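Novice: Mind having a look at this structure? Questions to follow.
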DNA sequence: GTCTATACGATGATAGAC
DNA sequence: GTCTATCATCGTATAGAC
């Protein structure tokens, strides 16, 4: 069973975008990498922005799936770690989007609002998770602190990969979702009750590299 | 006394880069905006990357100045707020650098190492400040938490502006350094002693918008 | 120092045969 | 569906006159 060319274009583009940065990837490079002709690529996609739009659609779909957290959910710290790991893994797979955000958004303007929607969904997801921890009396926060924390969590998941890969340039450690989970754990730590914080410290060691 | 053309090129470029994103600003647009010819621009700068390199030099110089924090410094919370405000203000003035980081770094490769140097300098600066707070018994942290906190502070100052302007797209609130200060205050809050946290809460209100 | 004119290369995209 | 041309455009950069 052969993989459809259209899908191969998407996966190849994604890989190249992540590796080289979207602006450095020409339609010629994509078709070259796939051993097809540029004309063939343009048979499947009307333009380069269409490819990006479709990849963004995939990203959105995966994120929506991940962030569909019921407001009455009860998460354990273990489950939280698992969730975060999945989240960082997904963000890493579409990391090119955040590497040249302004450039990408300015060339494909409809992406702006779609980006903002995802952003607010991330914030709401974290809110649900924090609420859950609060209900379980693992965490205790006043309103302002909670707002600031969720904001901070959202910022961190969005930009952690960019930050980390800049710091670890060419390092083998780079691009391990676990590093992100570890960092977020330490963001939550100071707001947890003593026993929960102890548990999370132990858990954090498993994510440490 | 006339401002030198060379300097006007730099300030005009900076303004346009910040407003439109560096990849969207052509040398023609710069010279057009200044009412000079493209040839004239190329008389003063050998290439577009030279302009970016020089702007990056300015950014580095201002940052180095700001981050030259003596290890034995004693800062009050007030002074800390003032420092953060200056820091965010400077980062905002050179925000284009972080808006398309990968793209910029890939086209002007020598910037990579210079970026990393600044990054590590930021981390060390925050370390000195935290050490000062610790010495004054305003803050208390184990080693792992301190590392994670400084990492988090560095990430936040680098990407806060990008994050905030994405969230507040076209909003008037956007691009006020005070918002960044407020956010960083809440990052420090949970690690402070009760009285210091109270003081910082009050101070944070002044930065609230 | 500043201008006009232009070369050059790269890239997104199309036309038409197979 | 896929290929081989080929176009049109744009952006950087240079040459040479004033």
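Residue numbers (this note's numbering), protein chains in the order written: chain A, 84 to 292; chain B, 84 to 292. A virtual CB, placed ideally from N, CA and C, is assigned to each residue, including glycine. Nothing here was measured: the structure is a model prediction, and the numbers come from that model.
Just curious, the alpha helix (DSSP H) that residue 265 of chain A is in, first and last residue?
Specialist: For residue 265 of chain A, the enclosing alpha helix (DSSP H) begins and ends at 260-271.
Novice: Is the stretch 220-238 of chain B touching the stretch 168-185 of chain B in the sense that three or more CB pairs, one from each, lie closer than 8 Å?
Specialist: no
Novice: Within the stretch 105-145 of chain A, note down every full alpha helix (DSSP H) run reaching 4 residues or more, in order along the chain.
Specialist: 110-117, 121-127
Novice: Under the rule that 16 or more other beta-carbon atoms within 10 Å means buried, what is residue 109 of chain B, buried or exposed?
Specialist: exposed
Novice: Who are the neighbours of residue 198 of chain B on chain A, taking C-beta pairs under 7 Å?
Specialist: 249
Novice: Please check the pair residue 265 of chain A and residue 280 of chain A, which I expect to be a contact at CB under 8 Å, by giving their CB distance rounded to whole angstroms.
Specialist: Between residue 280 of chain A and residue 265 of chain A the Cβ distance is about 15 Å, and since that is not below 8 Å, they are no contact.
Novice: Could you have a look at residue 252 of chain A and say whether DSSP puts it in helix, strand or coil?
Specialist: coil
Novice: Closer than 8 Å by beta-carbon distance: list the chain A residues that pair up with residue 228 of chain B, in chain order.
Specialist: 269, 272, 273
Novice: Can you name the residues that DSSP bridges to residue 275 of chain A?
Specialist: A:222
Novice: Classify residue 87 of chain B: buried if its beta carbon has 16 or more other beta carbons within 10 angstroms, exposed otherwise.
Specialist: exposed
Novice: Taking residue 207 of chain B as the reference, which of B:150, B:174, B:179 has the closest Cα?
Specialist: B:150
Novice: What is the DSSP secondary structure of residue 86 of chain B, counted as helix, strand or coil?
Specialist: coil
Novice: Counting only Cβ pairs nearer than 9 Å, list the residues of chain B close to residue 106 of chain A.
Specialist: In chain order: 106, 183, 185, 186, 189, 190.
Novice: Given this structure, state the Cα-to-Cα distance separating residue 292 of chain B from residue 106 of chain B, to the nearest angstrom.
Specialist: 32 Å
Novice: Taking the alpha carbon of residue 180 of chain A as the reference point, which residue from A:204, A:161, A:141, A:168 has its own alpha carbon closest?
Specialist: A:141
Novice: Counting only Cβ pairs nearer than 7 Å, list the residues of chain B close to residue 177 of chain A.
Specialist: Result: empty, since nearest Cβ-Cβ is about 14 Å, beyond 7 Å.
Novice: Assuming residue 113 of chain B contacts residue 191 of chain B (C-beta within less than 8 Å), just tell me the rounded distance between them.
Specialist: Residue 113 of chain B to residue 191 of chain B, Cβ: 17 Å. No contact.
Novice: Hey, how far is the Cα of residue 213 of chain B from the Cα of residue 94 of chain B?
Specialist: Residue 213 of chain B and residue 94 of chain B: Cα-Cα distance of roughly 35 Å.
Novice: My output table needs one value for residue 231 of chain B: the three-state DSSP class, helix, strand or coil.
Specialist: Three-state result, residue 231 of chain B: helix.
Novice: Considering only residues of the same chain and omitting the five flanking positions on each side of residue 209 of chain B, which have a CB-CB separation below 6 Å?
Specialist: 233, 236
Novice: Does DSSP put residue 151 of chain B in a helix, in a strand, or in coil?
Specialist: coil
Novice: Name, going along the chain, the residues of the stretch 234-249 of chain A whose beta-carbon falls closer than 8 Å to a beta-carbon of chain B.
Specialist: 234, 235, 237, 238, 239, 241, 242, 243, 245, 246, 249
Novice: Which residue wins for smallest C-alpha separation from residue 153 of chain B, given the options B:143, B:117, B:204?
Specialist: B:204
Novice: Please tell me whether residue 265 of chain A has its Cβ less than 9 Å away from any Cβ of chain B.
Specialist: yes
Novice: Could you tell me whether the Cβ atoms of residue 216 of chain A and residue 158 of chain A are closer together than 9 Å?
Specialist: yes
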